[in-house]
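This report concerns only the one structure given below.
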């Protein structure tokens, strides 16, 4: 089938995800997890509508734009807000993106709600749960549950900006169904979950 | 497949302990992780704020909010009591009361004063809480016809289509398109009545449920027959305890009279603004955190438990008996819409007005004077400030009607304080599933607090929020942007 991407004709197979043929930044999408459509960084304009490239399949005659002024503003702003509220020091690729978008988080002033003050949780011998660095993409929750493992040792606590992963009954990980497979650590994009072997 | 829903299992065990959560989890057949996510999400499982609480609605914000707050232990989200605002509620454990006329009235006994209603087609001349009373006033004719196979499902669908009925919950989507899509789906099919009215400034559904339950139920059952639904759920806002009891009594009366063709039950909502978003609503019914789903698939294809589901607003359904009685043509000539008009008007209340009525005429009905107003908040928190008093109140116009809330603000009102209330409301009610909404609504509160008027910054805030997953985030900046426009025009 044929569609137009940024004005150029393209020929692709039916069912192809727009994310496979375009290159917007993305954060929550992971090929091994079912999280998608959450971070909204990969939004593209399809026939004038904003749709996530990670959830939208190519269709005959579609007109897709990935680099409009509005999309650049949206991505820049989202990245700035993440940097404003979250410790991205272990997420070099996000910091690079922020730089590439000429992001200036400080133009928004300060925000009283912040994830930065959260204390790291050391409740197991293998990895750290450092939610000051968590953007709540839910990849870890999905990998632990429906996505990969099906052990359901992780869930979410709270709502809004301060929502973050936790364990059932807020128990230390060794007291949950966790099997320490490490999948959650593997899929974490911001270093909120990281092996203790990396800590000096 | 359908499992016992977690929320009613938890509700039956309040106040919760770890053992009780574990028991509800076993009965629901879900992982403890899912149940814990639910317990740590909904306010009544986390623990309701206690004491004397000021209802933090746009009217209270215009009445010296800081001073009012000094006499309260905290705040409660808007409750459809704007016509009586400022008003307090009291929460003691699981028991909740409205402070009204010097008395504490339990939620399960408190109904909006009937005198607040002004209308004749959708609103009854007196509260109608008995079946015989409803029938004496001309009700049930079409439900009886449908039950005797004298009114075919297709005839109901055609009447709704010819009337051009648009959804009254705020999105104004053509009702017949959703109904036909569900009717085409494979059974079992469900009907869910969205009675989770939570948009600040609105109390139309609350009034209908509390004073006219049989009209709502007749419309609901006609829709259920039209789409071939095998079950009906009324998803009622958690705080509307009197409405829930009234509906349960009315359902029992209909059943006894042999007038309940489809099993119908009341479902207590999760108690959050986001629960009114149709897919979040379905998630909560399935025992999960009320978070919006990615669409497509839409509920008409995959709704409750993955089945084709019609989710329809209370007022939309209440119009069905009317459309059939008057005939779609006549109904359409003077399309009735309920407007909740409050704030700086002499007679705040619920007004049934024909669509197309000008904002000025609507305000004058409530004995408000446009010349004495600084602005009007139209549509609620997901609405706009405006001074366009000539604006004809109809759907798909320049301004959003939302569900029909009109809050008037006099010249002395500090609109930034009202806006701050809306901004804080959005921040508190954001579910946190996507990124733009929780981040943007938190940033917005700070911007409004410092009265940020930088056009670029406000524009960028809007551009990012527009990318949110659902309508909550997508509309969260409208009021802010519109206030700057109103200021610029003044």
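Protein chains in written order, with my numbering: chain A, 19 to 218; chain B, -14 to 475. Idealized CB from N, CA, C, for every residue including glycine. These numbers were taken from a predicted model, which means no experiment stands behind them.
Could you list which residues in chain A have their beta carbon closer than 7 Å to that of residue 21 (chain B), in chain order? For the purposes of this step, residue 21 (chain B) is taken as residue 36 along the second chain, with counting starting at 1. Here the neighbours are 173, 186 and 187.
What are the residues of the region 54 to 80 of chain B that lie near chain A, defined by any Cβ-Cβ distance shorter than 7 Å? none
Based on the DSSP secondary-structure assignment, which residues constitute the bridge partners of residue 198 (chain B)? In the second chain, residue 198 (chain B) corresponds to position 213, counting from 1. In the DSSP output, where bridge partners are listed per residue, residue 198 (chain B) has none listed.
List, in order along the chain, the chain B residues whose C-beta lies closer than 8 Å to that of residue 117 (chain A)? In the first chain, the residue the question calls residue 117 (chain A) occupies position 99. Residues of chain B passing the Cβ test: none, with the nearest at roughly 18 Å.
Could you please tell me which residues of the region 338 to 360 of chain B, in chain order, have their CB closer than 9 Å to any CB of chain A? none
Which residues of the region -13 to 20 of chain B have a Cβ closer than 7 Å to any Cβ of chain A? Give them in chain order. 3, 16, 17, 18 and 19
Three or more beta-carbon pairs under 8 Å between the region 311 to 324 of chain B and the region 336 to 347 of chain B, yes or no? yes
Beta carbon of residue 13 (chain B), beta carbon of residue -1 (chain B): below 9 Å? Residue 13 (chain B) sits at position 28 when you count from the first residue of the second chain. Residue -1 (chain B) sits at position 14 when you count from the first residue of the second chain. In this structure, residue -1 (chain B) does not lie closer than 9 Å to residue 13 (chain B) by Cβ.
Would residue 299 (chain B) pass as an interface residue toward chain A - the criterion being a Cβ-Cβ separation below 9 Å? Taking the first residue of the second chain as 1, we reach residue 299 (chain B) at position 314. It does not: the Cβ of residue 299 (chain B) has no partner Cβ on chain A nearer than 9 Å.
Anyone know if the C-beta pair for residue 305 (chain B) and residue 145 (chain B) falls short of 9 Å? Numbered from 1 along the second chain, position 320 holds the residue referred to as residue 305 (chain B). Numbered from 1 along the second chain, position 160 holds the residue referred to as residue 145 (chain B). Yes, the Cβ-Cβ distance between residue 305 (chain B) and residue 145 (chain B) is below 9 Å.
Provide the residue span of the beta strand (DSSP E) that contains residue 82 (chain A), from first to last. In the first chain, counting from the first residue as 1, residue 82 (chain A) sits at position 64. Unbroken beta strand (DSSP E) run through residue 82 (chain A): 81 to 83.
With a floor of 4 residues, list each alpha helix (DSSP H) that falls wholly inside the region 42 to 72 of chain B, ordered by position along the chain. 43 to 46 and 50 to 55
Interface residues of chain B facing residue 57 (chain A) [CB-CB closer than 7 Å]: The sequence position of residue 57 (chain A) within the first chain is 39, counting from 1. Under the 7 Å cutoff, chain B gives 420.
Helix, strand or coil: how does DSSP classify residue 443 (chain B) here? In the second chain, residue 443 (chain B) corresponds to position 458, counting from 1. Residue 443 (chain B) falls in the helix class under three-state DSSP.
So if I threshold CB-CB distances at 9 Å, which residues from the region 60 to 77 of chain A count as touching chain B? 61, 68, 70 and 73
Which residues DSSP lists as bridging residue 83 (chain B), in chain order: Reading the second chain from its first residue, position 98 is the one you call residue 83 (chain B). Bridge partners of residue 83 (chain B): B:74 and B:90.
Completely contained alpha helix (DSSP H) runs for the region 136 to 173 of chain A, where each covers 4 or more residues: 157 to 160
Does the beta carbon of residue 274 (chain B) come closer than 9 Å to any beta carbon on chain A? Along the second chain, read from residue 1 onward, the residue named residue 274 (chain B) stands at position 289. Cβ-Cβ to chain A under 9 Å: yes for residue 274 (chain B).
Compute the Euclidean distance between the alpha carbons of residue 219 (chain B) and residue 23 (chain B), then round it to the nearest angstrom. Here residue 219 (chain B) is taken as the residue at index 234 of the second chain, counted from 1. Here residue 23 (chain B) is taken as the residue at index 38 of the second chain, counted from 1. Their Cα atoms are separated by approximately 21 Å.
Report the residues of the region 393 to 418 of chain B with a CB closer than 9 Å to any CB of chain D, ordered along the chain. This model lacks chain D altogether; the protein chains it does include are A and B.
Verify the CB distance criterion: does residue 287 (chain B) have a CB-CB separation below 9 Å to chain A? Start at 1 with the first residue of the second chain, and residue 287 (chain B) comes out as number 302. So no, residue 287 (chain B) is outside the interface.
Touching or not, the region 416 to 432 of chain B and the region 183 to 190 of chain A, by the rule of three or more beta carbon pairs under 8 Å? no
Below 8 Å, how does it come out for the region 101 to 113 of chain A and the region 453 to 460 of chain B: are there three or more Cβ pairs, yes or no? no
For residue 425 (chain B), would you say it is in contact with chain A, using Cβ-to-Cβ distances shorter than 9 Å as the test? One-based indexing of the second chain puts residue 425 (chain B) at position 440. It does; some Cβ of chain A falls within 9 Å.
For a quick check, are the C-beta atoms of residue 246 (chain B) and residue 209 (chain B) less than 9 Å apart? Indexing the second chain from 1 puts residue 246 (chain B) at position 261. Indexing the second chain from 1 puts residue 209 (chain B) at position 224. The answer is yes: Cβ separation under 9 Å.
Tell me the DSSP secondary structure of residue 187 (chain B) in three-state form. Here the question's residue 187 (chain B) lines up with position 202 in the second chain. Coil, per DSSP.
C-alpha gap between residue 145 (chain A) and residue 215 (chain A), whole angstroms: Numbered from 1 along the first chain, position 127 holds the residue referred to as residue 145 (chain A). Numbered from 1 along the first chain, position 197 holds the residue referred to as residue 215 (chain A). In a straight line, the C-alpha of residue 145 (chain A) is about 8 Å away from that of residue 215 (chain A).
Residue 390 (chain B): first and last residue of the uninterrupted beta strand (DSSP E) it sits in: Walking along the second chain from the start, residue 390 (chain B) turns up at place 405. That run of the beta strand (DSSP E) goes 390 to 395.
So is residue 4 (chain B) buried or exposed if we call it buried at 16+ other beta carbons inside 10 Å? Position 19 of the second chain, counted from the start, is the residue given in the question as residue 4 (chain B). Exposed, by the Cβ-count rule.
Please report whether the beta-carbon of residue 193 (chain B) lies at a distance below 9 Å from any beta-carbon of chain A. Residue 193 (chain B) sits at position 208 when you count from the first residue of the second chain. Judged by the 9 Å Cβ criterion, residue 193 (chain B) is not in contact with chain A.
Tell me where the beta strand (DSSP E) around residue 297 (chain B) begins and ends. Mapped onto the second chain, residue 297 (chain B) falls at position 312. Per DSSP, residue 297 (chain B) belongs to the beta strand (DSSP E) from 294 to 298.
CA-to-CA distance, residue 63 (chain A) to residue 20 (chain A), given in whole angstroms: For this step, residue 20 (chain A) is matched to residue 2 along the first chain. For this step, residue 63 (chain A) is matched to residue 45 along the first chain. About 17 Å.
Buried or exposed: residue 318 (chain B), going by 16 or more other Cβ atoms within 10 Å of its Cβ? Here residue 318 (chain B) corresponds to residue number 333 of the second chain, with the count starting at 1. Exposed, since its Cβ has fewer than 16 Cβ neighbours within 10 Å.
Does residue 142 (chain A) come within less than 9 Å of chain B when only Cβ atoms are used? Along the first chain, read from residue 1 onward, the residue named residue 142 (chain A) stands at position 124. It does not; no Cβ of chain B falls within 9 Å.
Any chain A beta carbon closer than 9 Å to residue 433 (chain B): Start at 1 with the first residue of the second chain, and residue 433 (chain B) comes out as number 448. It does not; no Cβ of chain A falls within 9 Å.
Using a cut-off of 7 Å between C-beta atoms, extract the partners of residue 26 (chain B) located in chain A. Translated into positions along the second chain, residue 26 (chain B) becomes position 41. Within chain A, the residues near residue 26 (chain B) are 177.
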